[in-house]
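Participant:
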Amino acid sequence: MSKRIPVIAANWKMYKTKDEALAFIFAVNEKVPTRDKVESVVCAPAILLNLLVKREGDNLRIGAQNMHYAEEGAFTGENSPAQVKTSGAEYILIGHSERRSYFNETDETVNLKMHAAFKHELTPILCVGEQLAERESNSTKAVLDSQLEIAFKGISAEQALATIIAYEPVWAIGTGKTATPTMANDTIKDIRAKVEALYGKAVADGIRILYGGSVKPDNIKVLLAESDIDGALIGGAALDPNNFLVFTDAALNK
Ligand code: PGA
Numbered sequence: 379m380s381k382r383i384p385v386i387a388a389n390w391k392m393y394k395t396k397d398e399a400l401a402f403i404f405a406v407n408e409k410v411p412t413r414d415k416v417e418s419v420v421c422a423p424a425i426l427l428n429l430l431v432k433r434e435g436d437n438l439r440i441g442a443q444n445m446h447y448a449e450e451g452a453f454t455g456e457n458s459p460a461q462v463k464t465s466g467a468e469y470i471l472i473g474h475s476e477r478r479s480y481f482n483e484t485d486e487t488v489n490l491k492m493h494a495a496f497k498h499e500l501t502p503i504l505c506v507g508e509q510l511a512e513r514e515s516n517s518t519k520a521v522l523d524s525q526l527e528i529a530f531k532g533i534s535a536e537q538a539l540a541t542i543i544a545y546e547p548v549w550a551i552g553t554g555k556t557a558t559p560t561m562a563n564d565t566i567k568d569i570r571a572k573v574e575a576l577y578g579k580a581v582a583d584g585i586r587i588l589y590g591g592s593v594k595p596d597n598i599k600v601l602l603a604e605s606d607i608d609g610a611l612i613g614g615a616a617l618d619p620n621n622f623l624v625f626t627d628a629a630l631n632k
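Add 378 to the 1-based position in the sequence shown for our numbering, that's all there is to it.
1. Report all residues from its chain with a CB closer than 7 Å to the CB of Gly507; omit the five preceding and five following residues, and keep chain order.
2. So, for Pro384: in the same chain, excluding its five sequence neighbours on each side, which residues have a beta-carbon less than 6 Å away from its beta-carbon?
3. Cβ of Gly590 versus every heavy atom of the ligand PGA: is any distance shorter than 7 Å?
4. Within the segment 380-411, note down every full alpha helix (DSSP H) run reaching 4 residues or more, in order along the chain.
5. Can you give the Cα-Cα distance for Ile533 and Ala575, rounded to whole angstroms?
6. Does the beta-carbon distance from Ala535 to Leu504 come in below 8 Å?
7. Do the CB positions of Ala495 and Ile472 come within less than 8 Å of each other?
8. Below 8 Å on the Cβ atoms is my guess for Val593 versus Thr565; work out the distance and round it to an integer in Å.
9. If you measure between the beta carbons of Leu602 and Ile543, is that distance less than 8 Å?
10. Does Thr553 come out as helix, strand or coil in the three-state DSSP assignment?
11. Give the DSSP-derived three-state secondary structure of Tyr469 in the structure shown.
12. Name the residue from Asn437, Ile470, Glu450 whose alpha carbon lies nearest to the alpha carbon of Trp390.
13. For Met492, which of Val521, Thr541, Lys579, Lys572 has the nearest alpha-carbon?
14. Mark Met379 as exposed unless 16 or more other C-beta atoms lie within 10 angstroms of its C-beta, in which case mark it buried.
15. Rounded to whole angstroms, what is the Cα-Cα separation between Leu500 and Gln461?
16. Any chance the CB of Ile587 is under 7 Å from a heavy atom of the ligand PGA?
17. Can you tell which of Tyr480, Gly441, Phe481 has its C-alpha closest to the C-alpha of Val420?
18. Beta carbon of Asn457, beta carbon of Ala422: below 8 Å?
19. Got a sec, what are the start and stop residues for the alpha helix (DSSP H) Leu438 sits in?
20. Using 8 Å for Cβ pairs, my map puts Asn444 next to Arg478. What's the rounded Cβ distance?
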């Protein structure tokens with residue numbers, strides 16, 4: 379039995395209206411496992427956060443998908459870390475590949491957001507991952523090492539331990555192409571080794587590292603059966619409450 383508590387995080391992206399979001403929460407709220415066994419998180423659009431936090435049960439947790447790193451300012455359309463925090467959200471996705479590719483996020487802004495998250499006592503779910511061409515040219519390890527080095531710059535060991543890393547190969551997101559469990563596990567082992575190089579063995583042994591990219595009800599078990607995969611960050615398939623419960627149940631049995 380792994381001593382790391384597994385995490386199942388849904389990334390709703392830009393899906394669900396208010397009513398759809400509430401229907402989901404009511405469907406899963408009382409059914410997710412207790413928090414000491416599985417951390418069940420829904421990362422929702424910012425406009426829904428407060429509403430969902432008010433309805434969340436004892437074991438479901440709410441996260442945001444993005445925030446600005448500045449304290450406040452003239453950034454039309456953005457949300458500040460304090461706004462996310464005071465919405466009641468507890469988690470924040472940082473550096474999702476869609477943010478990196480469509481909204482010009484860089485490793486440097488990811489690092490600024492990591493610092494902002496800890497300043498406002500939000501738990502970061504830090505997303506890293508390689509492009510297909512990088513995997514094919516055998517540069518996955520170098521790409522991930524560099525993403526991790528920059529993301530964790532100036533972050534303490536205690537903060538690193540509290541971070542959740544999501545390894546999401548960009549070529550597997552929303553494409554139906556999942557990394558094989560062995561491939562995902564091997565890459566996550568490399569990520570853990572990098573965390574060890576940066577922070578030592580205790581942090582590397584304790585930090586949760588998730589896999590994300592076309593996780594479905596029919597592949598969650600084989601992924602979670604791997605030694606180093608501590609949970610999943612799930613987009614499309616986790617929009618359905620029944621699927622979400624399949625994922626949290628699978629994590630319960632890890
Ligand atoms: P997917 O998305 O599960 O739809 O591939 C994963 C993600 O973007 O986090």
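Note that beta-carbon positions come from the ideal geometry of N, C-alpha and C, so glycine has one too.
Facilitator: This is what the structure gives:
1. Ser475, Tyr545, Glu546, Pro547, Val548
2. Val416, Asp608, Gly609, Ala629, Lys632
3. Answer for Gly590: yes, Cβ within range of the ligand PGA.
4. 396-406
5. C-alpha separation (whole angstroms): 14 Å.
6. No. Outside cutoff.
7. yes
8. With a contact defined as Cβ atoms closer than 8 Å, Val593 and Thr565 miss out at about 15 Å.
9. no
10. coil
11. strand
12. Ile470
13. Thr541
14. Below a pLDDT of 50, predicted positions are generally treated as unreliable, and Met379, at 39, falls in that range; no measurement from the model is reported.
15. 11 Å
16. no
17. Gly441
18. No. Outside cutoff.
19. Looking at the DSSP string, Leu438 is not in any alpha helix (DSSP H); the run it does join, the beta strand (DSSP E), is 438-442.
20. So it is not a contact: roughly 11 Å between Cβ atoms.
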